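Chains as they are written, first to last, in our numbering: chain A, 1 to 318; chain B, 1001 to 1220; chain C, 2001 to 2666; chain D, 3001 to 3479.
We treat Cβ as the ideally placed atom computed from N, Cα and C, and that holds for glycine.
A quick note: this is a predicted structure, and the numbers were derived from the prediction, not measured.
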Amino acid sequence: MNALSDVLSQGAQMSLVLGVAPLLTGFVRKVKARLLRRRGPPLLQPYRDLIRLMRKDVVLADNASWLFRVIPYLIFAGTWVAASLVPTFGNGLLFSWTADLIAIIALLGSARFFQALAGMDVGTAFGGIGSSREVMIASLAEPAMLITVFSVAMIAGSTQLPNVAEFMGSDAVGLRVSLGMAFVALTIVALAENARIPVDNPATHLELTMVHEAMVLEYSGRHLALIDLSSHLKLLLYVSLIACVFLPWGTATADAGVGRLVFGALLYFGKLAGLGFLLAVFETSIAKMRVFRIPEFLGAALMLALLATLLRFVSGSL
Amino acid sequence: MSSLQFDIAHLLAGCLVLASFMMLYQDRLYALLNVYALHASVLALSVAWQAYVQQAPHLYVTALIALVFKAIIIPVALHRIIKRLGIHREIENVIGIGLTMMAGIGLVALSMVVMLRVTPSADALAREDLAFALSVVLLGLLIMVTRRNAVSQVVGFMSLENGLVLAATGAKGMPLVVEISVAFSVLIAFIVIGVFLFRIRERFDSVDVQELDRFRGERR
Amino acid sequence: MIAVALWSVAALLALASAGVVLSTRPRGSIILYGGCLIATSTLCVTALSDLLYFPHLTPSATLPIGLPWLGAHFRLDALSAFFLVVVNLGGAAASLFALGYGRHEDSPGRVLPFYPAYLAGMNVVVLANDAFSFLVAWEFMSLTSWAMVVSHHREAENVRAGYVYLLMASFGTLALLLAFGLLASGAGYDFDAIRASHPSAALSGVVVILMLLGAGSKAGLVPLHAWLPLAHPAAPSHVSGLMSGVMTKVAVYGFVRIVFDLLPEPVWWWSMVVLLVGGPSATLGVLYALMQRDIKRVLAYSTIENIGIIFTGLGLALAFKAEGLDWVAALAFTAAMLHVFNHALFKSLLFFGAGAVLGATGERDMEKLGGLIHRMPKTAFAVLVGCVAISALPPFNGFVSEWLTFQAILLSPQLPSWGLKLIIPAVGGLLALAAAFAAACFVKLYGISFLGRPRSDVAASAHETDRFSLTAMLVLAAFCLVAGILPGLFIDALAPVSKNMVGNIMPHQVGLQWLTIVPIAESRSSYNGLLVFLFAALCGTTAATAIHRFASDRLRRAPAWDCGYPDPNPAIQYSASSFSQPIRRVFGSVIFAAREIGEMPPPSSPVPARLRVELHDLIWDVLYAPIAKLIGFATDRINILQFLTIRRYLTLVFVALIVLLLVVAL
Amino acid sequence: MSIDALSAILLIPALSAAVLAILPGYRLTAKLNVVAALATFLTSLSLFVVEPASGQYLLMDDLNKVFIVLTTFVSLTTSVFSASYIQHEIEIGRLAPAFLRFYHAMYQTLMFAMNLALVANNIGLMWVAVEVATLTTVLMVGIYRTHEALEAAWKYFILGSVGIALALFGTILVYMAARPVVGEGLDGMVWTVLVKHAAQFDPALLNVAFAFLLLGYGTKVGLAPLHAWLPDAHAEGPTPISAVLSGLLLNVALYALLRFKMMLAVNSAAIAPGPLMVTMGLISVIFAALMLYRRRDIKRMFAYSSIEHMGIIVFAFGMGGPLANFAGLLHMTMHSLTKSAIFFAVGHIAQVKGTQKIADIGGLTVTNPALGWGLMLGVIAIVGLPPLGIFMSEFLVVSSTFARAPWLTVILVLGIIIALGGLWLRIGAVMFGEPKGKTAPAEASYVPMFTHLGLVLMAGIYLPPVLVTGFQNVAKLLG
């Protein structure tokens, strides 16, 4: 019986994640507009964009190969699987033991790998700019993420996300310096990975500054819809990852009753809203960095993560 | 063997070393040849005396060979070669005469020390002969090293061979076979030298080793 | 079992001698490569059956050849069986590839006789059980591969590459010879005798350093890697696939056989040395790869990175074995062995891809390729699989071995020694960096050479390669996927190897449901390749069907967005050096003293402006150039002795005599 | 003295030398020369079958049995090679038939002298044999009568004679040391008697004697400070003579040195000859290795490679111990076979290309594949790469001595690597790349070269037991 409920809860998790993602992006855009004293697009605007793109027909570049048309589905599949592995309202889901934190990073890595390839397939300069910069950012962000995962996993004693969440929830964790550093590093990496303001401006289409947009410049119609949905999913993934690891209180345990699940879900939405608000405030308060200032920014994240791991290695308590 | 006989043998070996020193001193080619003839005759004398002392008849044969070949035939032949080849007379020394002499003295001292320390058990006569022989060999080498002229190097080599003959006679009871073969090989060597001198003369305008060096194998 | 192996090695040697004749006949290369394919597959099957069904048996044989009083000993234990599988799987794939690719060879006489001899040499190294036959096969392997590296001897840099290669190979062999000299001092040259003689700790320490020099120079660890990017690209593609994918693994075998098997209990500082060499090799190797324009040089440099990962795994295994935690040592060792297997697969696949591209376009420089996916679709697909696998991305095998290595690193805080406590996090960081750079490097390789528009008419007129090359590549690609999805099978196959080498094995994998692999304990962490692959495929198909049912499926072609410039020619696309410009600017300016020199012509002259990228290989300038200068200086000084006069030579003799007399008399 | 195998080995070359001196025509003497060499080789093979007794003057034991067979075999193959080589030289005009008047006579006298040196039981007789061998080779080196050939011959003569003189002095000192124990007369010079009583000799005198002998015969072996004659003699002399010089004469001189080392090994009080030989060996290895880089003449390069290998062999004997001695003996055999094969190839290549300058020879594997790959195989052997014999001996030398004297072996290994670097650099230029110089196909005698290389390849894999047992008990004797 509980196998069925596990499948049900995992299916609920996956559909919830898919449903909430565009809402989170819409909420962040709404808050940013409000902070800039303008009304901003309605909260559900991302949903309307997706549906609009779904209905439009796809305009393919002459030089685009079969790979160009397959890549959106690969990116979406990778990101959706990664997002569904991160516990949202409940912990200990059916698929949680199939892959751990390192696998999630690798899935996002493969999504990025294919996106960079897509950028270069069309054969114009813009795809090249986007891919080469994305690859440079990734070559710093991914190791920082991996080393943060090392330090967190060493404290929690396991790389399985539910175990980590449980451990963080329990009072055994205590206040640790390395956890603080890991948190800062993780936020910097999240900003870089989701192409938020200091690293790359999500709203602009100016060829010279954009990184993420340059790669998907040639996509249109349903392909573009899939890619946008994937980027929303990715943002949700990072936010819920930060929430699950660093704000672990209140997520329902695996065998909890329906009441606890509902309470967990409500708490989860609260966390999303809070973190989304903080993201919006941060984005409005800082300008976009020059491209070659980003390596120092991400280098700081890498050093912080390395220091966290080193501290964890050196002494058990730190 | 009475002390007188020992003294005479000692004296003759000493004369041989002295002759080597005189060869070191020469700077004229003809003079060098004459001193070499003297050197060979002193050798013959000392070998004959050794023969008498050791009652070893075969040594007389060696003395005879030394006298006939080395004292007479070789110097005369070299004289004729020098005259026919018209080789210029003087020998350029590489380092000054004074320095060569001092080196010679050092070498004799070294050979004395080496030989006497090394052969306490052998009888007195043999030890003396070996010490003097080693000095003559080293002096012969010194002559070869400090001379530029090909002929003077050959004469230095010959004096070195004389030292060897002295050493051989010093070793009592060494079978005659060796002496003859020593002489025999010197002879062949001499023939070879003669043949070479003609060829060298044919090819180069002079016999000076310096000339030879210009035709070294791989030039720098 | 071992008789079959030795007979097939003999068959290979017979093929080698027949090769001289076959190279003159038109169908000679087909016959020879076919024969090699059969021999290597029989070897592979026997080794696999030995590894899976009777790993506890260690059949051994002695032939009367070799050292007169010792004879040549051969033994097939679990470790040799595993490496035989790796060697012969690579060999079979290369021979299959060569069946088609062999036709491009312009002077078969210089490759055909050496190819089977090379395979035989590698097999004998893995089978040898005494120092002499091990070293004979080891150097014979380098000699035959040298012959193939200089097969295209018309280009001067191939001959120079061959020269540097053989010089480094001989340096490595002499290091091994010194190591065996130490080991044999106690017990003679037979491995069993050495194993029984338990050499002392100090002696073993020196042996480990010498092994690192010897096997490290053959595998391509950083300070001794200089020859690898010169030699591997110079050989014909199927041979460079073998050299990179398989020969480096034979070097790893040599290191494991001596350090793990022959030496007694390891000491903790051994692992520190191995890690200090493994970590930097991983990162520097791939950084070099990012800076290259020539496909085969990129692949050669990326071999250095993967070898760095393998040696990191081995270093961790040594560290845990020294502290007695042999169940964690088993994890690290199995991770390293799995990466050996994986790297042999995808590196051979990528080199075959490069060979196919070279065969089709005659060009190795990425800047002249582009748009090959349209003209060589099947090769493009196979190379795509190779690139994704080597960048350690989930559905494929590269990720599994890297994941296991990371798990081993995560377990290492238990190691008490302070040196390791500081080094292992740094090495962990270096490995993480290397993984990211690998992804960047292979995006560049694939993107520049296969995607976009053709940059030269040679690339525009490329055509698909022949059937044999394609089957070889697709078989290897399939293996990569299977190893990525069902890693549990491969880990259990490796259990007997790690049992022999580190005394313990990873928890039994096959029993777990859905073939998850669990490195240490269920609670700690687990990864299930199959489910992740099925899960992703499920999500992808549901998305595709949902879209095609509800959303529109209309599609039309249009020119790409050109920001207003009319008909942009292919040159405006990103080239290899411009793609790596950001990374070069961030990392390269420090490590390679990279400088971009723009030569602007004087205002009046029609000469085009040039942008030149100047890279210095610091290791070459710091280590190799000074040695060469020193030798040059010494030879000039000594050379004067050839041109002295006779008199001076006599003085030499005279002085020698005086010195000797003084020594003897006083 | 009954005509047993031992004296036959000496008589055949002596008689044929006399006969050849009389006959004028070149073609006939060449064939006769080969026949004589074949006869000598066959008689030497019979030594393995019936073991003749050693007398006062002639000696037969394990050490020189193998060397006699090796010497006669290599002289046979060299005579076959020289027949076609000299024939070609006459056609080219580099050698006038007048010069060759006594060539084959001298060749046979050289064989006689070397065989005599190998079998002589009397150390004086051994000295004379080596002296005669030197003089004949001096004449043969000067055969071309070019300036360089004359200068090389003259240098060889002067240095050789000085060396031999020192050796004679050493022999006399040995006799002096033996006289009080053995008594005067002939048996003071007989080696077998000397070895039996060597323990009671006066050690200090023996040391001085060995010093002179090491310098004397060391010059003939071509060790470093005394090597000057060797490179020029090889480069300027005709190639068959370089092959004989490198292959055989160096071995004969080293054999003589080994005889005396055996004597010293028995006398424990004498300072161990090891350190002396080890130092001279290492100096030669490093010196010759460094000299290889700047060589422009291919034969002179291989001459330096001979010096290097002689250095390795002397190092092996200096280190002592059964394994190192076995390796030294094996290395001597392998080196003479390989080096003569290399000189056969180089001889023909010089004839085909018309020059010995490395810069003017290129792309050999393209123009003359058989010669090119033959020389390649020879160089692979001489550099010490595995499938061939020299790797086995270098393996044994390095691995047996590393544990005892790590730093010395490291220097040896350094020397080997530097030599490999130098030799391989030049060979790469000669073998590969665009063909340079004349590209006429060579009608050369490949049989001698490939038999030698075949033997070395076979020895690298499987050593016949008779050779092994012979070397092993000699290794024990050498101490």
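- Pairing valine 258 of chain A with glycine 264 of chain A, the inter-Cα distance amounts to about 10 Å.
- Within chain C, the residues whose beta carbon sits less than 7 Å from that of methionine 1144 of chain B are Leu2650, listed in sequence order.
- Per DSSP, threonine 2062 of chain C is not a residue of any alpha helix (DSSP H); the beta strand (DSSP E) it occupies stretches across 2060 to 2063.
- Between alanine 3133 of chain D and alanine 3153 of chain D, the CB-CB gap reaches or exceeds 8 Å.
- Excluding its 5 nearest sequence neighbours in each direction, valine 81 of chain A has C-beta neighbours in its own chain below 7 Å: Leu107, listed in chain order.
- Here DSSP, grouped into helix, strand and coil, assigns tyrosine 2527 of chain C to strand.
- Spatial neighbours of phenylalanine 246 of chain A in its own chain (CB-CB distance under 7 Å, excluding positions within 5 residues in sequence) are listed in chain order as Phe183.
- By the 16-neighbour rule on beta-carbons within 10 angstroms, methionine 2501 of chain C is buried.
- Contact between the segment 2228 to 2244 of chain C and the segment 2289 to 2297 of chain C is present, with at least three C-beta pairs closer than 8 Å.
- Under DSSP, the beta-bridge partners assigned to glycine 3362 of chain D are D:Lys3436.
- Residue nearest to methionine 3280 of chain D within the set D:Arg3294, D:Val3130 and D:Ile3312 is D:Ile3312 (criterion: CA-CA distance).
- Between isoleucine 2597 of chain C and glutamate 2614 of chain C, the C-beta gap is smaller than 8 Å, which places the two residues in contact.
- With respect to the C-alpha of aspartate 1129 of chain B, the residue from B:Val1151, B:Ala1171 and B:Arg1117 having the closest C-alpha is B:Ala1171.
- Contact of aspartate 2457 of chain C with chain A is not assigned, every C-beta pair being separated by 8 Å or more.
- When C:Gly2353, C:Arg2556 and C:Gly2588 are compared, the shortest CA-CA separation from leucine 2476 of chain C is found for C:Gly2353.
- For the segment 2401 to 2477 of chain C, the continuous alpha helix (DSSP H) assignments of 4+ residues that do not extend past its boundaries occur at 2418 to 2450 and 2457 to 2460, in sequence order.
- Looking from the CA of leucine 1024 of chain B, the closest CA among B:Leu1110, B:Gly1104 and B:Ser1046 belongs to B:Gly1104.
- Taking a C-beta distance under 8 Å as the contact criterion, proline 2059 of chain C and isoleucine 2002 of chain C qualify as a contact pair.
- Under the three-state reduction of DSSP output, glycine 40 of chain A falls in the coil class, being neither helix nor strand.
- Using a Cβ distance threshold of 8 Å, valine 2085 of chain C and leucine 2051 of chain C count as a contacting pair.
- Along the segment 3102 to 3131 of chain D, the positions whose C-beta sits under 7 Å from a C-beta of chain B are Gly3124, Val3128 and Glu3131, read in chain order.
- The beta carbon of alanine 1171 of chain B sits closer than 8 Å to some beta carbon of chain D.
- Following the DSSP letters along the chain, one finds arginine 2103 of chain C in no alpha helix (DSSP H), marked with neither H nor E.
- In this structure, DSSP gives glycine 2188 of chain C a state outside helix and strand, which the three-state scheme calls coil.
- In this structure, valine 2126 of chain C sits near tyrosine 2253 of chain C, with a CB-CB distance shorter than 8 Å.
- DSSP places glycine 90 of chain A in the strand class (E or B) of the three-state scheme.
- In the DSSP assignment, glutamate 3148 of chain D falls within the unbroken alpha helix (DSSP H) covering 3147 to 3182.
- Check the Cα spacing between isoleucine 2547 of chain C and each of A:Leu224, A:Met136 and A:Arg133: the tightest is with A:Leu224.
- Contacts between methionine 1112 of chain B and chain D, judged by CB atoms closer than 9 Å, are missing: the closest CB pair is about 13 Å apart.
- Using a Cβ distance threshold of 8 Å, phenylalanine 3402 of chain D and glycine 2181 of chain C count as a contacting pair.
- The C-beta of tyrosine 2253 of chain C comes no closer than 8 Å to any C-beta of chain D.
- For alanine 2392 of chain C, there is no enclosing alpha helix (DSSP H), as DSSP gives it neither H nor E.
- One Cα belongs to serine 2095 of chain C, the other to alanine 2360 of chain C, and the distance between them is close to 19 Å.
- Interface residue (Cβ-Cβ distance to chain A less than 8 Å): tryptophan 2561 of chain C is classified as such.
- Boundaries of the alpha helix (DSSP H) around valine 2208 of chain C: 2201 to 2219.
- Under DSSP, aspartate 3297 of chain D takes part in a beta bridge, and its partners are D:Lys3357.
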